[in-house]
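Undergrad: This is the structure I have questions about; it appears just below.
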Amino acid sequence: CGFHFLIRSLFLCILLGPDNEYRNRSKSNKLSTIGYHSDVSYEHQPPGVTILTLLSVPDTGGDTAWVSQTAAYARLSRPVQTLLEGLRAEHSGFPQADNARRDGKFVRREPVKSEHPIVRIHPATGQGALFVNPGFTKRIVGLRDEESTALLKLRFKVCSILHLSNASLGQDFQVRVKWEEGTVALWDNRVTAHTAISDYNVHNPQEGLRHGFRITTLADRPTGVNNITSAW
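Mature numbering (1 follows the signal peptide of the UniProt record, and there is no 0) puts the sequence shown at residues -21 to -1, 1 to 211.
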């Protein structure tokens, strides 16, 4: 059989070396550089499958870690799952754009906000997955501020247990890639979250060079349980 799909994609070049202050600034006043997220989840139709390859890598460090949002959702109790299934969360690109402008970086277009189902149903597998992340999720729509903060902290706490590399729990929910030149990673942004691990010296020309490219495909409009859809 021959089915052909029109897939929109975005090609991005990555170059982080000693003359790029991004990594240094990102950890300047933080206890950790870990920042789990799903790429640009604030978009009206966020990315789906992403392919990343690195052509140059640090001698040591610079790994990337992923966690399963499907497994994180499954770990929650059924009453909490039911509560989250009827809610949307606001994802905002404005802080990212503001930080980019502050640092003199290029902003490709004006930022947007979207309200996505907290529990997203994958169109192929039918499985539910948490679709919130500390990077871009700002609040739960329709709740009081304190209620929203409490629920998001619960969700982020669940995933922090899964993410911590030194935790005894959750190792079965994550994978950590040690890059070599030419390594290719492929993942689905709809059901995973990931973080770069910035544990190398960007000021060392040999240790700090990270050069590669990423191809990102456009996915479906997020749909939740009982066909709850995104809004903006």
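Ideal Cβ positions, reconstructed from N, Cα and C, are used throughout, including at glycine. Here the structure is a predicted model, which is why all the values come from computation and not from measurement.
State the CB to CB distance for the pair H95 and F110, rounded to an integer number of angstroms; the pair is presumed to be in contact (CB under 8 Å).
TA: Confirmed, about 6 Å.
Undergrad: Assess, as a yes-or-no matter, whether the stretch 75 to 94 is touched by the stretch 149 to 161 under the definition of 3 or more beta carbon pairs within less than 8 Å.
TA: These segments do not touch.
Undergrad: Between which residues of its own chain and D199 is the CB-CB distance below 6 Å, once the five residues before and five after are set aside?
TA: Result list for D199: P102, in chain order.
Undergrad: Please identify the residue among H190, D178, L130, P113 whose C-alpha is closest to the C-alpha of G14.
TA: Taking only the C-alpha atoms, the option nearest G14 is P113.
Undergrad: Considering only residues of the same chain and omitting the five flanking positions on each side of S144, which have a CB-CB separation below 6 Å?
TA: Residue placement at S144 cannot be trusted, given a pLDDT of 29 that sits under 50; the coordinates are not used to answer.
Undergrad: Short check: CB of A172 to CB of S20, under 7 Å?
TA: In this structure, S20 does not lie closer than 7 Å to A172 by Cβ.
Undergrad: Do you know how far the Cα of N205 is from the Cα of T174?
TA: Rounded to the nearest angstrom, the two C-alpha atoms are 31 Å apart.
Undergrad: If L133 sits next to P37, beta carbons under 8 Å apart, how far is it from one beta carbon to the other, in whole angstroms?
TA: Contact flag wrong, Cβ pair sits at about 35 Å.
Undergrad: Count the other CB atoms within 10 Å of the CB of V120; is the residue buried (16 or more) or exposed (fewer)?
TA: When all chains shown are included, V120 counts as exposed.
Undergrad: Quick one: what's got a C-beta closer than 6 Å to L165's C-beta in the same chain, skipping five residues either side?
TA: If we look at L165 and ignore the five residues flanking it on each side, its Cβ neighbours are I30.
Undergrad: Leaving out five residues before and five after Q106 in sequence, what residues of the same chain have Cβ atoms less than 6 Å from its Cβ?
TA: Closer than 6 Å at Cβ, skipping near neighbours: T49.
Undergrad: Please report the straight-line C-alpha distance between P58 and G72, rounded to a whole angstrom.
TA: So the two alpha carbons sit approximately 31 Å from each other.
Undergrad: I think E64 touches K117, with their Cβ atoms under 8 Å apart; what is that distance to the nearest whole Å?
TA: That belief does not hold up - the Cβ atoms of E64 and K117 are roughly 20 Å apart, past 8 Å.
Undergrad: If you compare alpha carbons, which of V28, P25, S35 is closest to G161?
TA: Comparing Cα positions, the closest option is S35.
Undergrad: Please tell me whether V46 and D167 are closer than 7 Å, where the distance is taken between their beta carbons.
TA: No, the Cβ-Cβ distance between V46 and D167 is not below 7 Å.
Undergrad: Can you look up Q24 in the DSSP assignment and give me helix, strand or coil?
TA: Coil at Q24, not helix or strand.
Undergrad: Can you tell me whether T61 is buried or exposed, with buried defined as 16 or more other CB within 10 angstroms of its CB?
TA: When all chains shown are included, T61 counts as exposed.
Undergrad: Considering only their Cβ atoms, is the gap separating T196 from T202 smaller than 7 Å?
TA: For T202 and T196, no; Cβs fall outside 7 Å.
Undergrad: Of the choices T32, E22, Q24, whose alpha-carbon is the least far from that of I194?
TA: For the residues T32, E22, Q24, the minimum Cα distance to I194 belongs to T32.
Undergrad: Taking 7 Å as the cut-off, decide whether the C-beta atoms of A108 and V163 are in contact.
TA: Cβ distance not < 7 Å, so A108 and V163 don't count as in contact.
Undergrad: Let me check understanding here. Comparing Cα to Cα, which of E89, L122, D178, G41 lies closest to H190?
TA: The residue with the shortest Cα to Cα distance from H190 is G41.
Undergrad: For the alpha helix (DSSP H) containing E64, list its first residue and its last residue.
TA: From DSSP, the alpha helix (DSSP H) with E64 extends over 57 to 64.
Undergrad: Mind checking who residue 214 pairs with in its DSSP beta bridge?
TA: Residue 214 cannot be examined here, being either before or after the span of the chain that is shown, -21 to 211.
Undergrad: Which value, in whole angstroms, describes the spacing of the CA atoms of L130 and G83?
TA: Approximately 35 Å between the Cα atoms of the pair.
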